[in-house]
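Heads up, the sequence shown is in the numbering used here, so the first residue is 274 and it goes up one at a time.
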Amino acid sequence: MFIIIPVSEEKGLESTVVPLSDVKKWALVDLDADSIEPTFHDDWQDTGVDFIDHVILDNHDEDALDFINEGLFCLVRREEKQIDELIAAFRFREIDELAF
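What follows is the structure, encoded as structure tokens:
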């Protein structure tokens with residue numbers, strides 16, 4: 274299962290999630306892999322994987338139409354700021370679904 278996250282820098286699991294307007298890189302995390310260390314990409318559509326399951330966004334006001342049209346399930350962080358915190362919240366189902 275692949276998750277894509279907009280981040281401001283390449284700091285591994287300590288990378289900070291940002292709004293789409295501020296994205297510098299896209300962190301791709303494979304939750305089925307032995308290591309959840311993210312890989313970083315300039316474009317979320319050019320990651321080298323066939324299908325991304327989820328995108329985790331910074332807030333409910335993000336424009337998620339492109340993600341929805343591509344079949345991604347859109348989630349929104351609560352208080353989490355870094356990738357490691359987001360992954361923990363995802364695993365414990367402590368993350369919100371995008372509300373319209």
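We put the CB at the ideal spot given by N, CA and C, even for glycine. All values reported here derive from a predicted model rather than from experimental measurement.
Where residue i falls: helix, strand or coil (DSSP)
i    : result
A300 : strand
D331 : coil
D339 : helix
F313 : strand
L286 : helix
D369 : strand
Cβ neighbour criterion (16 or more within 10 Å) applied to residue i
i    : result
D331 : buried
According to DSSP, residues forming a beta bridge with residue i
i    : result
I276 : V302 and H327
F346 : H327
Q355 : T289
Residue i versus residue j: straight-line alpha-carbon distance, rounded
i    : j    : result
F365 : I276 : 15 Å
F340 : H314 : 16 Å
E335 : L293 : 7 Å
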